[in-house]
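Asker: Sequential numbering from 5 applies to the sequence shown in my numbering.
Glycine included, C-beta positions come from ideal geometry on N, C-alpha and C.
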Amino acid sequence: MEFVPNDEQIFFQETTRKFLSVHCPIPVVRALESAPAGYDPQYWRQGADLGWTSLLVPAEAGGGSLSEGGLMDLVLVAEEMGRMVSPGPLAPVNVVASAVAAGGSAAQQAAVLPGLLSGETVAAWCGEHPVEGVIDGENLLLSGLASPVEAGAQAQHLLVAVRTEGGLRQVLVPGDASGVTVTPLGGLDLVRRFAEVRFDQVVTTPAERIGADEDAAEAIEHQLQIACVVQCAETVGAMSRAFEMTLEYLGDRYSFGRPLASYQALKHRMADNKMWLEASHAVMTAAAGAVASGSPAAGEMVSAAKTWIGPHATELIQDCVQLHGGIGVTWEHDLHLYLRRTTVNRVTHGTPEYHAERIATQLLGAVS
Numbered sequence: 005m006e007f008v009p010n011d012e013q014i015f016f017q018e019t020t021r022k023f024l025s026v027h028c029p030i031p032v033v034r035a036l037e038s039a040p041a042g043y044d045p046q047y048w049r050q051g052a053d054l055g056w057t058s059l060l061v062p063a064e065a066g067g068g069s070l071s072e073g074g075l076m077d078l079v080l081v082a083e084e085m086g087r088m089v090s091p092g093p094l095a096p097v098n099v100v101a102s103a104v105a106a107g108g109s110a111a112q113q114a115a116v117l118p119g120l121l122s123g124e125t126v127a128a129w130c131g132e133h134p135v136e137g138v139i140d141g142e143n144l145l146l147s148g149l150a151s152p153v154e155a156g157a158q159a160q161h162l163l164v165a166v167r168t169e170g171g172l173r174q175v176l177v178p179g180d181a182s183g184v185t186v187t188p189l190g191g192l193d194l195v196r197r198f199a200e201v202r203f204d205q206v207v208t209t210p211a212e213r214i215g216a217d218e219d220a221a222e223a224i225e226h227q228l229q230i231a232c233v234v235q236c237a238e239t240v241g242a243m244s245r246a247f248e249m250t251l252e253y254l255g256d257r258y259s260f261g262r263p264l265a266s267y268q269a270l271k272h273r274m275a276d277n278k279m280w281l282e283a284s285h286a287v288m289t290a291a292a293g294a295v296a297s298g299s300p301a302a303g304e305m306v307s308a309a310k311t312w313i314g315p316h317a318t319e320l321i322q323d324c325v326q327l328h329g330g331i332g333v334t335w336e337h338d339l340h341l342y343l344r345r346t347t348v349n350r351v352t353h354g355t356p357e358y359h360a361e362r363i364a365t366q367l368l369g370a371v372s
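(1) For Thr289, which three-state DSSP category applies?
(2) Taking the Cβ atom as the reference point for each residue, do Gly67 and Val61 lie within a distance shorter than 8 Å?
(3) Where does His133 fall in DSSP's three states?
(4) Based on the DSSP secondary-structure assignment, which residues constitute the bridge partners of Pro263?
(5) Take Arg197 as the anchor and find which of Leu36, Ala221 and Asp11 has the nearest alpha-carbon.
(6) Please identify the residue among Ala159, Val206, Arg167 and Leu176 whose C-alpha is closest to the C-alpha of Pro188.
(7) Taking 8 Å as the cut-off, decide whether the C-beta atoms of Val186 and Val206 are in contact.
(8) Please classify Gln112 as buried or exposed, where buried requires at least 16 other C-beta atoms within 10 Å of its C-beta.
(9) If you follow the alpha helix (DSSP H) that Asp193 is part of, which residue opens it and which one closes it?
(10) Using the three-state DSSP reduction, which class does Val164 fall into: helix, strand or coil?
(11) Using a 10 Å radius around the Cβ and a threshold of 16 neighbouring Cβ atoms, would you call Ile230 buried or exposed?
(12) Going by DSSP in three states, Thr311 sits in which element: helix, strand or coil?
(13) Grab me the residues of Met288's own chain with a C-beta within less than 6 Å of its C-beta, minus the 5 sequence neighbours each way, in chain order.
(14) In whole angstroms, what is the alpha-carbon distance linking Glu218 and Arg167?
(15) Report the option in Ala296, Ala242 and Glu252 whose CA atom is closest to the CA atom of Val89.
(16) Could you give the DSSP three-state label for Gly55: helix, strand or coil?
(17) Does the pairing of the region 352-361 with the region 310-327 give three or more beta-carbon distances under 8 Å?
(18) From which residue to which residue does the alpha helix (DSSP H) around Arg87 run?
(19) Provide the residue(s) that pair with Glu200 in DSSP beta bridges, ordered along the chain.
(20) List the residues that DSSP assigns as beta-bridge partners of Pro178.
(21) Tell me whether Gly255 is buried or exposed, calling it buried when 16 or more other Cβ atoms sit within 10 Å of its Cβ.
(22) Leaving aside the five residues before and after Trp280 along the sequence, list all residues of the same chain whose C-beta is less than 6 Å from its C-beta, in chain order.
(23) List the residues that DSSP assigns as beta-bridge partners of Gly148.
(24) DSSP puts Glu154 in a beta bridge; with which residues?
(25) To the nearest whole angstrom, what separates the beta carbons of His27 and Tyr43, a pair I think is in contact under 8 Å?
(26) What do you reckon, are the CB atoms on Glu200 and Leu149 nearer than 8 Å?
(27) Would Ile331 be called buried (16 or more neighbouring beta carbons within 10 Å of its own) or exposed?
(28) Do Ala103 and Leu163 have their C-beta atoms closer together than 8 Å?
(29) Determine the extent of the alpha helix (DSSP H) in which His27 is found, giving its start and end residues.
(30) Can you confirm whether the region 292-301 touches the region 72-92 when touching is taken to mean that 3 or more C-beta pairs between the two stretches lie within less than 8 Å?
(31) Considering Cα atoms alone, identify which of Gly329, Glu212 and Gly191 is closest to Thr347.
(32) From this set, Glu18, Ala110 and Ser71, which residue's C-alpha is nearest Gly215's C-alpha?
(33) Taking Cβ positions, are Gly123 and Arg49 nearer each other than 8 Å?
(34) What does DSSP give as the partner residues of Leu172 in its beta bridges?
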């Protein structure tokens, strides 16, 4: 599918790009390397004011979007954040906000959504790593490990998938709940933060359940699809900026009296990279559209996007590094920031191999 943004979406995208270039340019990203959260809280609150955290939340719950459902708007933000390798828990906050808006009780929505939508609080999604749950009367005891969890150490709220004898469930747990231990992890990305979240007999009450138990598996799958689409859009944005930087460099850099861009072998390499970039953008847009419309093929489309974009993103940026020559492998050059971001994105929310297997299972059925 071809996604053509309307005038409001174009303005929204341009506003996001201008904001990021002014408030969080690459030098600021570099300076945040040693910051525990990886981002400035004031910057995140300003981004929330622009609408970054409210796009998947209906207007009646305090959110709002430019398109139906808001996912196509969120994709535009993610692309711009990828172009600037920007910090901030965009994916987890939006996944949790969407889940609470869709399945949370009135009390949960009132307690959680205002902080997320204003940027005052952060939420982390532990749905990708279900922990074990034991029913104890009306309560549910959680035990196990979720890792890696993006923004786990910064989150005031944890949306947790729980595996019980009766199937999957979801609970919303305070980040500082008794029995929850959060350990920050090191990472390749300068500003993206992950953590290990351990649950040791954490007691959760019925009031902390999210949605109906019988709907949990479908809800978790939808949350994974949202996370993957946001991540793929961010990766495509990073690919696009790395390609632009390289194309400009090949036109400016001369060798033997000629610009590097005039050499046929380099033209062919850039043509291949351009094809990979455009195909990545197309498959990402198709996946986003499928999820946004609730298509039955959404899971397959999302896995196809993850399977294609991950390897081609790292391959494209690795080639951009090589085309820059010696300067491309220096700390001072910005290309390594993009390679770090796309490498991390490639292996989180499922590797390309994992998603290829998902597609095979969907098409062929489970193989015993």
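Answerer: Considering the structure as presented:
(1) helix
(2) In this structure, Val61 lies closer than 8 Å to Gly67 by Cβ.
(3) strand
(4) Tyr258
(5) Leu36
(6) For the residues Ala159, Val206, Arg167 and Leu176, the minimum Cα distance to Pro188 belongs to Ala159.
(7) Taking C-beta atoms as the reference points, Val186 and Val206 fail to come closer than 8 Å.
(8) Of the residues assessed, Gln112 falls on the buried side of the cut-off, its CB having 16 or more other CB atoms within 10 angstroms.
(9) Asp193 -> no alpha helix (DSSP H), and no H or E assigned at all.
(10) The answer is strand: DSSP assigns Val164 an E or B state.
(11) Classification of Ile230: buried, given that the 10 Å Cβ count is 16 or more.
(12) helix
(13) Cys236, Ala237, Val240 and Ala309
(14) If I take the Cα positions, the gap works out to 12 Å.
(15) Ala242
(16) coil
(17) yes
(18) Counting along the chain, the unbroken alpha helix (DSSP H) around Arg87 starts and ends at Leu75 to Arg87.
(19) Thr187
(20) For Pro178, DSSP records a beta bridge to His161.
(21) exposed
(22) His316 and Leu320
(23) Phe203
(24) Phe198
(25) With a Cβ gap of about 11 Å, His27 and Tyr43 do not count as contacting.
(26) yes
(27) exposed
(28) Yes, Cβ-Cβ distance for Ala103 and Leu163 is below 8 Å.
(29) Asp11 to His27
(30) yes
(31) Gly191
(32) Ala110
(33) In contact: Gly123 and Arg49 (Cβ atoms closer than 8 Å).
(34) Arg167
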